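Asks: In this note's numbering, the protein residues as written are 58 to 118.
All residues carry an ideal CB built from backbone N, CA and C; glycine is no exception.
Just so you know, these numbers come straight off a predicted model, no measurement behind them.
I'd like to ask some things about the structure below.
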């Protein structure tokens, strides 16, 4: 498991919140708060960051 802030930002900039939520199991409301800056990247759990990074790698690597 790993987390990469740049990959997460790219994922959230290029995919809809619903699309990400459906594929990660992370609540759409949490994804929205991360994307809009209401939750800072440094404050999300490692588990959430890992799921988002894994999806980003599947999409862009």
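Entirely within the segment 62-94 and at least 4 residues each: give me those alpha helix (DSSP H) ranges in chain order.
Replies: Complete alpha helix (DSSP H) runs here, min 4: 62-71, 74-81 and 85-92.
Asks: Between the C-alpha atoms of residue 114 and residue 95, what's the straight-line distance to the nearest angstrom?
Replies: 24 Å
Asks: By the DSSP assignment, the alpha helix (DSSP H) with residue 116 in it spans what residues?
Replies: 103-117
Asks: Is the beta carbon of residue 101 less than 8 Å from the beta carbon of residue 88?
Replies: no
Asks: Could you check the C-alpha separation between residue 85 and residue 74 for me, to the nearest Å?
Replies: 6 Å
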